[in-house]
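So the protein lines, in turn, are chains A and B. Going by our numbering, the first residue of the first sequence is number 16, and it counts up by one from there. Going by our numbering, the first residue of the second sequence is number 16, and it counts up by one from there. Just so it is clear, CB atoms sit at the ideal spot from N, CA and C, and this is done for glycine as well. Structure first, commentary second.
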Amino acid sequence: MTDSVVVTAEGLTFGYDPGHDLIRDLTFSCFGGAVTGLLGRSGAGKSTLLYLLGLMLRPTAGRVTVRGRDTTRLSDRERSRMRAEDLGFVFQDAALDNSRTVLDNIVEAALFAGQRYRTATREARRLMQQFDVEVPARRRPGEISGGQAQRIALCRALITRPSVVLADEPTGNLDEETGAVVVSALRSAAYDDGAVVIVASHDPTIHAACDSLLRL
Amino acid sequence: MRLRELIAECMRVARSQALASSVVGLVVGGAALIALATTGRTIQSEQEILSRIDTAETRLVTITDARGDAGLTYGGVERVAALSEVEWTLALGGAVDVRALAVEAAPSVAAYPIYGELPPVIRSSQWSRSPGTALVGVDARTPLGLTVPAGGVRPRRAGPDFAAVGWHQADRPLRELNSALLMVPHHDLGEGPIRTIHVMATSSAETDAIARAAMGLLSPADPNSVVVQTSPELNHMRDAIRAGLGQSARQLLALVLLSGLILVALTVFANVTARRKDFGRRRALGASRSEIVLLVAGRTVVVAVMGAVVGASVGSAIVWIWTSAPPPPGFSIAVAFLSSLAAALGAVGPAAVAAFRDPVKVLRMP
Numbered sequence: 016m017t018d019s020v021v022v023t024a025e026g027l028t029f030g031y032d033p034g035h036d037l038i039r040d041l042t043f044s045c046f047g048g049a050v051t052g053l054l055g056r057s058g059a060g061k062s063t064l065l066y067l068l069g070l071m072l073r074p075t076a077g078r079v080t081v082r083g084r085d086t087t088r089l090s091d092r093e094r095s096r097m098r099a100e101d102l103g104f105v106f107q108d109a110a111l112d113n114s115r116t117v118l119d120n121i122v123e124a125a126l127f128a129g130q131r132y133r134t135a136t137r138e139a140r141r142l143m144q145q146f147d148v149e150v151p152a153r154r155r156p157g158e159i160s161g162g163q164a165q166r167i168a169l170c171r172a173l174i175t176r177p178s179v180v181l182a183d184e185p186t187g188n189l190d191e192e193t194g195a196v197v198v199s200a201l202r203s204a205a206y207d208d209g210a211v212v213i214v215a216s217h218d219p220t221i222h223a224a225c226d227s228l229l230r231l
Numbered sequence: 016m017r018l019r020e021l022i023a024e025c026m027r028v029a030r031s032q033a034l035a036s037s038v039v040g041l042v043v044g045g046a047a048l049i050a051l052a053t054t055g056r057t058i059q060s061e062q063e064i065l066s067r068i069d070t071a072e073t074r075l076v077t078i079t080d081a082r083g084d085a086g087l088t089y090g091g092v093e094r095v096a097a098l099s100e101v102e103w104t105l106a107l108g109g110a111v112d113v114r115a116l117a118v119e120a121a122p123s124v125a126a127y128p129i130y131g132e133l134p135p136v137i138r139s140s141q142w143s144r145s146p147g148t149a150l151v152g153v154d155a156r157t158p159l160g161l162t163v164p165a166g167g168v169r170p171r172r173a174g175p176d177f178a179a180v181g182w183h184q185a186d187r188p189l190r191e192l193n194s195a196l197l198m199v200p201h202h203d204l205g206e207g208p209i210r211t212i213h214v215m216a217t218s219s220a221e222t223d224a225i226a227r228a229a230m231g232l233l234s235p236a237d238p239n240s241v242v243v244q245t246s247p248e249l250n251h252m253r254d255a256i257r258a259g260l261g262q263s264a265r266q267l268l269a270l271v272l273l274s275g276l277i278l279v280a281l282t283v284f285a286n287v288t289a290r291r292k293d294f295g296r297r298r299a300l301g302a303s304r305s306e307i308v309l310l311v312a313g314r315t316v317v318v319a320v321m322g323a324v325v326g327a328s329v330g331s332a333i334v335w336i337w338t339s340a341p342p343p344p345g346f347s348i349a350v351a352f353l354s355s356l357a358a359a360l361g362a363v364g365p366a367a368v369a370a371f372r373d374p375v376k377v378l379r380m381p
């Protein structure tokens, strides 16, 4: 584990409706090389906190710092760039584009980060091999199992080697065995690549795999 | 995203969404086809009418030194001939009456000194253009009493004889020269005064400009003695036809392209609405708003260009079958380009809608 602080939240406050804060005055730090779990009942704001850390929402108060950079002052273009280059997102339902091939789904994220298609394809194939994605790269998401789809979503989140990986209920729809693969992959991103991994989940298996827990 | 990757990604996305791409391609191709099959036919008709009007007569500018003291020179004629809009020139001196030496009672026929080369509209027997030689017009042989175009001719007034050495036949618009002789002046007479200059323009639309330019290049000593003749009525008719047909064709084209633009906008809007989650996901993965706009518009343009090329080709073929002549290639290319441009413009609105959707709202939606 590396001890560098990669993500910090200071006095973070946010609400979808004015006057109703879902997250209020939250302060914490996440370290590179560690897995942080987000706990809380449904509707407590776990996904919302991930969206705030993932720069898809702007806090109503407080700030989020990624690798020492205050993200609240960034323009939309700069936030997009940071999402593409520094952040990786794993959604609960994999959120793959059913009209495109498995390979293109993974590669797309790398293209937004400015990588070349050929380079990204090579990396995507390596990740598919690493996570035992045993489907032809030209197959479409509608033709594969949920477990395979979530592994592909994981490949997509890691293809840019992000310094922060955010995962929202990544094992929610998976069987125990596939869930274990996903957890292992997230731990590998933290321990092998030094990334900050933040996982929102109800899954006790994931809680057990986390280095620290943050309860909302 | 790198530009090259963006273009390639647009093509991959267009291929992956075959149905939406096919609809856009069909709409744009249909617009190009209809535009060509309707306005292309109008343009074709315009071209035919204009080509009929654009005869040699309407393209001819005739400059005449009415009093013979304007001082028109062959050097000036050469400068006029060098203009890019000029097809050919013919410089003639003042007419003299001549009769055949061998036929005492023969009537007089006009003979024109000629300066420079014969224009392509005058065909002739072989002629060395030696000074003192003449060609007899095909309609002048009988009046002169020359069964074969050979023999001496003598001016009615004082002057040396000329040797008729062959014949000439002029086509429109110089047919009146068929009843006259064309002769090369004798050396010792030097360059006589040029009285008439015929200038053939490449297009009747250029005649007024050529007339003005010629007056400047010839720089007559007395401009008042020079008369310039064009065919103003025919030229005005030509302009009126071009303007009338052009306007109706433009209006029709604009209507077809506008319809295509609206249909493309609706198709793309329906597509981005149905796939809003994909655009939210792309934003979450790091796509900027401008990248989303470029992806949507670029994908549309890729398909639109293919549709426009096919539509314009089929439309051109239809016009060709209907009118036995293809529409001007430049027009077909312009229609394909404008159809693609209309599609691109139609895609910008829906693309902006996709780019400005809140990704979190879209992702949270079940």
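DSSP places residue 149(A) outside both helix and strand once states are collapsed to three, so it counts as coil.
Not flagged as an interface residue toward chain A: residue 262(B), since no C-beta distance is shorter than 8 Å. With a 10 Å radius around the Cβ and a threshold of 16 neighbouring Cβ atoms, residue 239(B) comes out exposed. Any Cβ of chain B closer than 8 Å to the Cβ of residue 140(A) would place that residue at the interface, and such an atom is absent.
Not one beta carbon of chain B lies nearer than 8 Å to the beta carbon of residue 187(A). DSSP places residue 225(A) outside both helix and strand once states are collapsed to three, so it counts as coil. Exclusion of the five residues before and after residue 359(B) leaves 312, 315, 316, 319 as the residues of its chain whose Cβ lies within less than 8 Å of its Cβ. The beta-carbon of residue 72(A) is placed less than 8 Å from the nearest beta-carbon of chain B. It is roughly 11 Å from the alpha-carbon of residue 100(A) to the alpha-carbon of residue 180(A). By the neighbour-count criterion, in which 16 or more other beta carbons inside 10 Å mark a residue as buried, residue 262(B) falls on the exposed side. For residue 148(B), the enclosing beta strand (DSSP E) begins and ends at 148 to 152. Between residue 26(A) and residue 77(A), the beta carbon gap of about 4 Å places them in contact (Cβ cut-off 8 Å). Of all C-beta pairs linking the segment 211 to 221 of chain B to the segment 99 to 111 of chain B, three or more are shorter than 8 Å, placing the two stretches in contact. Exclusion of the five residues before and after residue 180(B) leaves 148 as the residues of its chain whose Cβ lies within less than 6 Å of its Cβ. Approximately 5 Å separates the beta-carbon atoms of residue 172(A) and residue 105(A); this is inside 8 Å, confirming the contact.
Not a single C-beta of chain A is nearer than 8 Å to the C-beta of residue 43(B).
Taking one beta carbon from each stretch, the segment 45 to 59 of chain A and the segment 202 to 217 of chain A have 3 or more pairs nearer than 8 Å; the two touch. Proximity of residue 37(A) to chain B, defined by a Cβ-Cβ separation below 8 Å, is not satisfied. Within the segment 102 to 158 of chain A, the runs of alpha helix (DSSP H) that reach at least 4 residues and sit entirely inside it are, in chain order, 117 to 127, 132 to 145.
Judged by DSSP in its simplified three-state form, residue 198(B) adopts strand. Under the three-state reduction of DSSP output, residue 105(B) falls in the strand class.
For residue 208(B), same chain residues with a beta-carbon under 6 Å away, outside a window of 5 residues either side, are 83 in chain order.
Nearest neighbour of residue 71(A) by Cα position, chosen from 152(A), 117(A), 42(A), 31(A), turns out to be 31(A).
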